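Trainee: Below you'll find the structure I mean.
There are 2 protein chains.
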Amino acid sequence: MPSRPNAAPATAETRASQRLVPVDHASVAFTGGFWESWTRTAREVTIPSQYRRLDEEGFLEVLDFGKPPSPLARPIQPSGLSMQHFFDSDFGKWIEAASYALKNHRDPEIEAKIDEIVEKLAEGQMADGYLNSWFIRREPEKRWTNLRDLHEMYSMGHLLEGAVAYFDATGKRRFLDVMIRAIDHIIDTFGPEPGKLRAYDAHEEIELALVKLYRVTRDPRHLSLATFFVDERGQRPFYYDEEARRRGEDPADYVYKTYAYSQAHKPVREQSEVVGHAVRAMYLFSAMADLAFETCDPSLKEACDRLFDDLVGRQLYVTGGLGPSASNEGFTRPFDLPNETAYAETCAAVALGFWTHRLAQTDLDARFTDRLETVLYNGALSGIARDGEHYFYENVLESHGQHRRWKWHYCPCCPTNIARLLTSLGQYVYSTRDDELAVHLYAESTAELSLGTRFVRLRQETLYPWDGDVRLRLTLEDPTSFKLSLRIPGWCRKAELTVNGETIDPVAATTKGYVSITRTWTNDDEIRLSFPMPVERLYAHPDASEDAGRVALRRGPVVYCVEEVDVGTVPQRLRLAAGASIEPRFDPDLLGGAVVLEGDALEAVPDAWSGDLYRTEPPVLTPRRFKAVPYHLWANRDPGAMQVWLLEA
Amino acid sequence: MPSRPNAAPATAETRASQRLVPVDHASVAFTGGFWESWTRTAREVTIPSQYRRLDEEGFLEVLDFGKPPSPLARPIQPSGLSMQHFFDSDFGKWIEAASYALKNHRDPEIEAKIDEIVEKLAEGQMADGYLNSWFIRREPEKRWTNLRDLHEMYSMGHLLEGAVAYFDATGKRRFLDVMIRAIDHIIDTFGPEPGKLRAYDAHEEIELALVKLYRVTRDPRHLSLATFFVDERGQRPFYYDEEARRRGEDPADYVYKTYAYSQAHKPVREQSEVVGHAVRAMYLFSAMADLAFETCDPSLKEACDRLFDDLVGRQLYVTGGLGPSASNEGFTRPFDLPNETAYAETCAAVALGFWTHRLAQTDLDARFTDRLETVLYNGALSGIARDGEHYFYENVLESHGQHRRWKWHYCPCCPTNIARLLTSLGQYVYSTRDDELAVHLYAESTAELSLGTRFVRLRQETLYPWDGDVRLRLTLEDPTSFKLSLRIPGWCRKAELTVNGETIDPVAATTKGYVSITRTWTNDDEIRLSFPMPVERLYAHPDASEDAGRVALRRGPVVYCVEEVDVGTVPQRLRLAAGASIEPRFDPDLLGGAVVLEGDALEAVPDAWSGDLYRTEPPVLTPRRFKAVPYHLWANRDPGAMQVWLLEA
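Residue numbers (my numbering), protein chains in the order written: chain A, 1 to 649; chain B, 1001 to 1649.
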């Protein structure tokens, strides 16, 4: 991989002044087009149906602190963990997702449900502030005895993110106060000071939740605690070794063998390869990006850059999926990207969106927001069905028809994760600072934004991602000078740009993938962008051997796949002739409307095959039309085989 | 698949008279060439080193019945099974393998070790004849309570095979008598009679061991018991359901969900798809072939034929490996043949050899012996290193360098299985009956055979499998009339045959892949066979999608692979141009000498690749020489990447 060009050393002050801040998600309204229907479905279908699932599946029963706990519905795993250990995280994440939706669409019924959960949590909270339903009800004596395996702070982190979001949406402080007490307890228990535990949860999450809390409270202890957890990670002697010995266990018996599983094999600033559990990695890196933002510590950003290079250069699926292996829910070795057995957990793709979005705030570089866009249109969105209430946990890139979206999962972490991404989607579209407005995403929408004390109304008119023409119109009370930075998508070879009809050369004006126009803007100024969207064949690095000899089809930011239901044969039999034309067509009837790709392919037919699997003559190839559909739409119709990487004849 | 041509209905009597009998393994001596070194290594290195491993790893301690059992070295799995449950099977199989070697090479040291094991078994055997070291020492109360999971009879079956082989090799009856008592106990406990359990072990094995015992004892009860186990399998209500309920368990909690895992989902005569655990399947089918032989029951042979068609038409690796999945150690769905994650357990390939060899005795058809040959040169032989003391359990067809042969395994079933195949290899070369001598395999060797009362000495001179010329010479005391049936390998397109210099058209004289010459043979008669061995590119059925667009190289019966150590790059980057010439060359220095294949390929080089895994330009292809080596020799040199199915450019 080429190394990143060295920027001139920047002082903490200049770095701080260059930071962008994401807009409030509620300030952006998707007024039509692609995201309007997805986000509306999330609010109207996903949020209520997830509450019903949580209720039906007994997740909320864990909050009946006054009653004896019900029998365990799911067994304890060899690691000592059960799914019930972290039920708190699931309704925590649901509250967070629901809260984002509530901010612009208050809903007394949903709020009543959340308030009920909050009251139960408050009731169950221990006198010292400790709050985790599993340990309080079932194993109070095991509190803080196994941070390596039992997700204790992970659960609290999700409750905390829920509390911050609910406070932001409703102004109700109750949940926030409960969680601040819980964090006070953690501050009393953990830290570098003598008498406290120098420990950190193996499943990262609370770190980024603490930064969110700090942004509400501005209490430096909240930021310090996050910093402590991140800095302490991977220090020697390993806390998990000591902790295991205190439990009377041999640290060598650790089921995952190495703390790389939790990115705790070495201090975070020494890490340069993305390893272990994919969701954990993305949550940690998101927290590192948050701290780099808050503290302007360049070493954390540099570690993030190295890890990002490793991810996109060697470990990322073309869909933005990541973490190929089920055995560790994570990474294996560079270029190991199996398609049919891809784990590529929805949560990991969602969290890659979190991370890249955070990185772009301190370093406005389309490398990051390009990947945010990739997961939004592909590897994360594939995790939820078009109906808003069926899901994928694993996002495979090939199927022989055995994959089905499910209504609920044994480990239902993904549904609430994709839900919170969708209900807060507006925040990803723009970032601002006093004198700059950055446009990361293109989507039919209106936004009401503040640049410092200035107020800007911005309307995007576009059929994106089905069409690459975008019209931005500014509504301003007074002429206002600021820099408008527009992302030129990395997939686009030849963007065109006009301001009030005047052409600007986007290449000359582009820095790190953003074209910047600094001027005094006036009301009704209009910017037009054109991103031509030819159908492209993508080739994988030669060491991504599962894709060798194959192509993936992409148009704009959307990656395509071929489904059996569209071609009348299994896509694994198809071969695309090199150079054969593939045409896009908008199909209004396909699951709400989508651009499909069509062309001529060849089919390897087994008609004349003998009873033996192998023969010395190549298979006969016969012509067949094919159609490809957006990957994120797969498995919404008749079940069947699917393939992203098509053989090139 | 084409159906098999219908033979004219045969009576049991004509079927019985057509049966062939494999020759005694000890009657064939590999006097040089390919198998001489492999079988000598098995005898001189593998057998003694396996005893040392069994001893070092504590397997033999389970026989110290007078002492309290040692702490469990390996945990009990969720199924209730631990590796220790079936340690008996491992030394049983080792005794069997050692005994084959002993027959022509008596060895007091090895015999003393076996006798010691036998005495301990005799000492531990319970008064009622029951014999299983796990249950006697650790869980006597659980005897015969869980045939679904605990391998109780599987272990006894392997002890029985060992006892039969040891008796045959040495004439010592002690072990045989111990095992006959154990079988008497099983006859008292299981069977169709009132008061007995209508049960059968989920892991087949004892069935074929009982047939071997019957062939020694001619006690009809031994054959009847095998027949009962095979016939009872899959009958409803399922015994395993009843048995689980007796243990207070819900049958629905069965960890493998369906009895197809053990081929017990339906009666064996109704089965037509090969399902479940691959070794179990092959052992069952071997027993079915044995019973078809002994009882001349056509329904069992017909079931075998259907299952064989399914296996070779839809489920067999090109190496003869089988059972693609680790999760059930077995079969998944037709055409699911992943290369890098191939489970393809050595035991399963060995047992496919057992099955196909048995089928050929009642139905002399090269379809069966072709597959025997395939596993011998490929998917079974790959399970043992050239040094005779390192092994593979899984026989992958692709590696990125992560695979290493091991000295011993957590579940060491494979080493003794490949050992018993090699030390008894002679039996697979010929079969006879009163008036026929069938030659299944070609190998430098001498043999002393009986056709009824006639004595025939046969010498093969050949460099097979490196060269396809074979000279057979007969030594006869008197002119003798019999049918000589010579297998024309299925891979051979144009065989040539002469008898004493006179050409015979092998096509005209061939039935089901065997060319038969009936005449009065005289001393020094010479048969010459020539099987041209061009390098062939094999293509897989279009639905074997992992191999689409790829070729495997085969020459004669030997399948090839490319190893990183030979090409200086990972083979996954190589592409073979269609039609490009590939030349064989005998390399005397390669691991004892082997034919390698060499030619020009293209390498997809990543030199100019950017930091992104994907791009719109295809990879640059540059010329590179390549070399392929026999698959069975892989992973005997520097570790590295390997590939059988090479991309065709």
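All C-beta atoms in this analysis are idealised placements derived from N, C-alpha and C, irrespective of residue type, glycine included. Given the structure is predicted, the values throughout are model-derived calculations rather than measurements.
1. Is there a Cβ of chain B sitting closer than 7 Å to that of A:Gln572, yes or no?
2. For B:Arg1487, which beta-bridge partners are listed by DSSP?
3. Ordered along the chain, which non-local residues of its own chain (more than five positions away) have a Cβ less than 7 Å from that of A:Gly640?
4. For chain A, is any of its Cβ atoms less than 7 Å away from the one on B:Ala1292?
5. Please compile the residues from chain B whose C-beta is within a distance smaller than 8 Å of the C-beta of A:Pro652.
6. Measure the alpha-carbon distance for B:Arg1246 versus B:His1203 and round it to whole angstroms.
7. Beta carbons nearer than 8 Å to chain A: which residues of the region 1359-1387 of chain B have them?
8. Which class does B:Pro1630 belong to by DSSP, given the choice of helix, strand or coil?
9. I'd like to know whether the C-beta of B:Glu1536 is nearer than 7 Å to at least one C-beta of chain A.
10. With a 10 Å radius around its C-beta and 16 neighbouring C-beta atoms as the bar for buried, classify B:Ile1047 as buried or exposed.
11. Give the residues from the region 1612-1630 of chain B that approach chain A closer than 8 Å (Cβ to any Cβ), ordered along the chain.
12. Here's a check: name, in chain order, each residue in its chain whose Cβ is nearer than 7 Å to the Cβ of B:Arg1043, leaving out the five neighbours to either side.
13. Where does the unbroken alpha helix (DSSP H) through B:Phe1135 begin, and where does it stop?
14. So which residues on chain B does A:Gly313 lean against when the C-beta distance must stay under 7 Å?
15. For A:Leu646, which three-state DSSP category applies?
16. From the beta carbon of A:His541, is the nearest beta carbon of chain B less than 7 Å away?
17. Is B:Ala1548 close to chain A? Criterion is C-beta to C-beta, closer than 7 Å.
18. Give a yes or no on whether the C-beta atoms belonging to A:Val558 and A:Pro465 are separated by under 7 Å.
19. Quick check on A:Asp638 - is its C-beta less than 7 Å from some C-beta in chain C?
20. Here's the rule I'm using: 16 or more other beta-carbon atoms within 10 Å means buried, otherwise exposed. How should A:Ile76 be labelled?
21. Cutting at 7 Å between CB atoms, please list the residues of its own chain near A:Cys304, excluding the five before and the five after it.
22. Keeping to the same chain, check which residues put their C-beta closer than 8 Å to that of A:Glu603; ignore five residues upstream and five downstream.
23. How far does the alpha helix (DSSP H) with A:His185 in it reach, from first residue to last?
24. If you compare alpha carbons, which of B:Leu1633, B:Ile1582, B:Glu1193, B:Leu1613 is closest to B:Gly1592?
25. Give the single residue among B:Tyr1239, B:Ala1628, B:Ile1186 whose Cα lies nearest to the Cα of B:Arg1198.
26. Looking at A:Leu421 and A:Ala342, is the spacing between their C-beta atoms short of 7 Å?
27. Which complete alpha helix (DSSP H) runs does the region 276-300 of chain A hold, if anything under 4 residues is left out?
28. Could one say the Cβ of B:Pro1662 lies closer than 7 Å to chain A's Cβ atoms, at least one of them?
29. At a CB distance below 8 Å, what residues from the region 317-333 of chain A approach chain B? Give them in sequence order.
30. Using the C-alpha atoms, what's the distance from A:Gly556 back to A:Asn500?
31. Is B:Asp1177 close to chain A, meaning its C-beta is less than 7 Å from at least one C-beta of that chain?
32. Output needed in chain order: residues of the region 577-608 of chain A with a Cβ under 7 Å from some Cβ in chain B.
33. Per the contact definition of three or more C-beta pairs closer than 8 Å, is the region 1266-1285 of chain B in contact with the region 1309-1328 of chain B?
34. Give a yes or no on whether 7 Å exceeds the smallest Cβ distance from A:Asp309 to chain B.
35. So, is the C-beta of A:Ser79 closer than 7 Å to a C-beta in chain B?
36. Please determine, among A:Ala443, A:Glu96, A:Asp612, the residue with the shortest C-alpha to C-alpha distance to A:Arg471.
Mentor: Taking the geometry as given:
1. yes
2. B:Tyr1514
3. The residues are Gly401, Glu563, Glu564, Val565.
4. no
5. For chain A, the structure presents residues 1 to 649; residue 652 of chain A sits outside this window and is missing.
6. 20 Å
7. Contacts with chain A (Cβ-Cβ distance below 8 Å) from the region 1359-1387 of chain B involve no residue at all.
8. Three-state result, B:Pro1630: strand.
9. Yes, because at least one Cβ of chain A sits closer than 7 Å to the Cβ of B:Glu1536.
10. buried
11. Asp1612, Leu1613, Tyr1614, Arg1615, Thr1616, Glu1617, Pro1618, Pro1619
12. These residues qualify, in order along the chain: Ala1101, His1105, Thr1423.
13. Start and end: 1133-1137.
14. Gly1611, Asp1612, Leu1613
15. strand
16. yes
17. yes
18. yes
19. The structure shown has no chain C; the protein chains it does contain are A and B.
20. exposed
21. Phe285, Met288, Ala289, Ala292, Leu359
22. Thr569, Arg573, Leu574, Arg575, Leu621, Thr622, Pro623, Arg624
23. 174-189
24. B:Leu1633
25. B:Tyr1239
26. no
27. 278-295
28. This structure cannot speak to residue 1662 of chain B, because chain B is shown only from 1001 to 1649.
29. Val318, Arg333
30. 25 Å
31. no
32. Ala604, Val605, Pro606
33. yes
34. yes
35. no
36. A:Ala443
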